[in-house]
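**Student:** Protein chains in written order, with the working numbering: chain L, 1 to 314; chain X, 315 to 638.
Sharing a structure here in structure tokens format.
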Amino acid sequence: MASPAFSSRLLSAHLQGPGDGRFLLKLASGLLLALLGACGTRATTSVGGIVAVDDAGDTVHLARPASRVVSLSPATTELVFAIGAGDRLVGRTRWCDYPEAARAVADVGDGIPPNIESVLSRRPDLVLLYHSPQNADAAERFRAAGAAVLQLDFNHLEDVSRVARLLGPLVDHAGQGDSLAAAFDGDLARLRQPADSAAPTVLLLAWDAPPIAIGAGSFQSEILTLAGGRNAFADITAPSATVSIEAIAARDPSLILVSDSGVPALVRRPEWNVIRAVRERRFVHLATPAFGRPSPRAPALVRELRALLAGSRP
Amino acid sequence: MKTARWPWLFALALVALVAGLSLGATRIAPGAVWAGLIDRAAGAGPIIRELRLPRVLLGFLVGGSLAVSGAVLQALVRNPLADPYVLGISGGATLGAVIAISAGIASPWAVPFAAFAGAMGTLLLVYRLSLVAGRRLDSHVLLLAGVVVSAFAMALVTAILMLVDASRLQNAFRWMLGGLWSASWITVRMFAVYGVVPLGVLLLSGRSLDLLALGEEQARHLGADPERVKRVAYLATGFLTAVAVATSGAIGFVGLLVPHAIRRIWGPLHTALLPSVFLAGGGFLVLADALARCIAPPVELPVGVVTALIGVPLFALLLKRRLA
């Protein structure tokens, strides 16, 4: 188990090393990286084991497929189960609630940043981390302890198939990873439709005090677009931002999407009633936790939301 | 320059109010702003009357109150670094608010009220701790008590945030940043109910504070009761800051910078200083908030960011000019 981590450390030492005499080595490893890059973020299986490049640009090298995986984000946990490798999970975050079988996996606490000791006590050979500056230190520590680390940007719908392809070979489910990715991409492609000028403008309201709207940078906005709606704050490129009630009123959305069930408490507040959609109680409820993360369930969610939008057309 | 104080300050307040009512995510012509203000049925009526007017009023009251509290506390503890939050009140208010947010209480009254309760709790605790031998109020002990009680409250806040649901956690953090987004007639009414009496008490305490500035012995000879003045002033600033934090979070820099700026321009006498800093602090916060709404639409910046970005360079300029 120590050998793959050792070689990966070796490789990264070459890549980061300042040595002048190592020019050739650097060039060679650079070429190797470029080669890997050319294959996309695809993991390659060779005689020497499995090699993959993660979203932090680090090369992950496994001598054999990982059999003890700790997944530190709900999205990767769901995906590992979706490609049929759930039995290899030995740890998950406390937020990983899907599928039901995930609850039976040992809970190691938070994912950003994780509790190092609690993760290592699961003796993982592969740790799936959300790619974030807050996790950089944890990644280093896991590697030092001999576990391979895969840092993933998992923020958009396209990441579902990309990560499924990348992850499959690492957990010996390359076929399932590829077929899930192909099915997912095909499903989304079929759901894509030409822009509709009559598409309803929808406010994705994440919170009301202060008012926080979901922007174009979030997969929730992608789901809305696929479902035939237009994000009222599509010009916000970030996943979310604090906006004023007046800014919402100025956008005059025809619907407001909330994730809680029932009429939100804000309708009782006079200042929120300046917004027409609040006055007319035009709320859409999408009470599924699948809306909280990019997931293979996204196409189903798109269909559900599409039906809800169609049902609320005047 | 000293004679021109009031026209300047009233002009600043007026400009701020007009700007606050005229600027926003929706472009509304000056005529329509006025129409919306006097006529509920006018096109811009709801935006002006339900959104901008309460926001401008709350901003003015909060900004003015923070500045007055800061000026009084700087005089009482004789420390130029004192601001309204040295009494530990923002820590207590944050604790109250975070408890309400983590418990998932959604009523519009609940979070400000919980914050107010938390602030009053810390105020009374700090006040009790600083009564040496139960009789004399000691400024140094008061500062220390404020620091430790605030630290304790913030430790509790952190512990709670680590233990609750992630989405609520994020929102509790945003609450802690402070801002006037919560402005509504409810928060304005809350301020009117709880804030007007302590504000009035402080605005009228200028003469006693001026006497106190001569030294406690001297003040006693001139007929003031220093102990009573200090107690009343501490409780009133605490109460007022509690209302300000409960309605708009801990907005920084207004309470620290505005009193210093006004003192540098027009001198330290409290009888005129306190009404001046009320007008200047109110006008400054309303202007900063109008900018916070307009710099990067539709995104709204936290107003504390804008008060610091404008306030600090202005203050540095003032410092430099005075030294030159």
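The C-beta atom is built at its ideal place from N, Cα and C for all residues, glycine as well.
In this text, all values refer to a predicted model and were calculated from it rather than measured experimentally.
#1: Which residues does DSSP pair with tryptophan 207 of chain L in a beta bridge?
#2: Closest by CA to valine 617 of chain X, which one among X:Ala325, X:Arg354, X:Phe374 and X:Leu409?
#3: Hey, proline 294 of chain L and aspartate 159 of chain L: beta-carbon distance below 9 Å or not?
#4: Quick one: Cα of isoleucine 361 of chain X to Cα of alanine 216 of chain L, how far?
#5: Could you check which residue in L:Gln220, L:Thr237 and L:Ile236 has the C-alpha nearest to that of glycine 229 of chain L?
#6: Output yes if chain L places a C-beta closer than 9 Å to the C-beta of alanine 330 of chain X; else output no.
#7: What does the alpha-carbon distance come out to for the pair alanine 138 of chain L and threonine 472 of chain X?
#8: From what residue to what residue does the beta strand (DSSP E) around phenylalanine 81 of chain L run?
#9: Taking only runs that begin and end inside the segment 221-276 of chain L, name each unbroken beta strand (DSSP E) of 3 or more residues, in chain order.
#10: Given that alanine 241 of chain L touches chain A, what residues does it touch there, using C-beta distances under 7 Å?
#11: Do alanine 560 of chain X and alanine 429 of chain X have their C-beta atoms closer together than 9 Å?
#12: Of all the alpha helix (DSSP H) runs that stay within the bounds of the segment 382-418 of chain X, which reach a length of 4 or more residues?
#13: Quick one: does isoleucine 361 of chain X have its CB under 9 Å from some CB of chain L?
#14: Does any residue of chain X bring its CB to less than 9 Å from the CB of isoleucine 223 of chain L?
#15: Going by the DSSP bridge assignment, what does alanine 91 of chain L pair with across the sheet?
#16: Any contact of the segment 262-276 of chain L with the segment 298-307 of chain L, i.e. 3+ C-beta pairs under 8 Å?
#17: Mind pulling the chain X residues with CB within less than 7 Å of proline 270 of chain L?
#18: Return the chain-ordered list of same chain residues with a C-beta closer than 7 Å to the C-beta of glycine 359 of chain X, the five sequence neighbours on each side being excluded.
#19: Cβ closer than 7 Å: which chain X residues qualify as neighbours of valine 274 of chain L?
#20: For the beta strand (DSSP E) that glycine 288 of chain L lies in, which residues bound it at each end?
#21: Proline 210 of chain L: which of L:Ser118, L:Ile245 and L:Val51 sits nearest, CA to CA?
#22: Ignore the nearest five residues each way along the sequence and tell me which others in proline 589 of chain X's own chain have a CB closer than 7 Å to its CB.
#23: Mapping DSSP to helix, strand and coil, what is isoleucine 624 of chain X?
#24: Could you run through the segment 593-627 of chain X and flag, in chain order, every residue whose CB is less than 7 Å away from some CB of chain L?
#25: Please go through the same chain and pick out, in chain order, the residues whose beta-carbon is closer than 8 Å to the beta-carbon of phenylalanine 184 of chain L, but skip the five residues on each side of it.
#26: Distance check for aspartate 172 of chain L and valine 626 of chain X, CA to CA, integer angstroms please.
#27: Kindly indicate if chain X contains any beta-carbon less than 9 Å away from that of aspartate 235 of chain L.
#28: On the DSSP letters alone, give me the boundaries of the beta strand (DSSP E) that valine 60 of chain L sits inside.
#29: Contact criterion: CB-CB distance below 9 Å. Does isoleucine 256 of chain L meet it with respect to chain X?
#30: Can you confirm whether alanine 506 of chain X, when its beta carbon is compared against all beta carbons of chain L, has any partner nearer than 9 Å?
#31: Within a Cβ cutoff of 6 Å, which residues of the same chain sit near arginine 143 of chain L, ignoring the five residues on either side of it in sequence?
#32: In its own chain, which residues sit with a C-beta less than 7 Å from the C-beta of alanine 424 of chain X, not counting the 5 before and 5 after it?
#33: Note down the Cα distance separating leucine 32 of chain L from alanine 238 of chain L, rounded to an integer number of angstroms.
#34: Count the other CB atoms within 10 Å of the CB of tryptophan 95 of chain L; is the residue buried (16 or more) or exposed (fewer)?
#35: How long is the line joining the alpha carbons of leucine 266 of chain L and phenylalanine 324 of chain X, rounded to whole angstroms?
#36: How would you label valine 446 of chain X, buried or exposed, when you count the other beta carbons within 10 angstroms and need 16 or more for buried?
**Tutor:** Inspection of the coordinates gives the following:
#1: L:Ile212
#2: X:Phe374
#3: yes
#4: 26 Å
#5: L:Gln220
#6: no
#7: 21 Å
#8: From DSSP, phenylalanine 81 of chain L is part of no beta strand (DSSP E) but of the alpha helix (DSSP H) over 74-82.
#9: 240-242 and 255-258
#10: As a matter of chain content, chain A is missing from the structure shown, whose protein chains are L and X.
#11: yes
#12: 403-416
#13: yes
#14: no
#15: According to the sequence displayed, residue 91 of chain L carries glycine and not alanine. In the DSSP output, where bridge partners are listed per residue, glycine 91 of chain L has L:Val70.
#16: no
#17: Glu364, Ser498 and Trp499
#18: Gly350 and Asp353
#19: Pro360, Ile361, Glu364 and Leu365
#20: The question names glycine, but residue 288 of chain L is threonine in the sequence shown. Neither: threonine 288 of chain L is in no beta strand (DSSP E) and is coded neither H nor E.
#21: L:Ile245
#22: Leu517
#23: helix
#24: Arg607, Pro611, Pro612, Val613 and Glu614
#25: Val160, Ser161, Ala164, Pro296, Ala298 and Pro299
#26: 59 Å
#27: yes
#28: 59-62
#29: no
#30: no
#31: Val149
#32: Ala414
#33: Confidence at leucine 32 of chain L is low in this model, with a pLDDT of 47, below 50, so its placement is unreliable and no value can be given for it.
#34: buried
#35: 36 Å
#36: exposed
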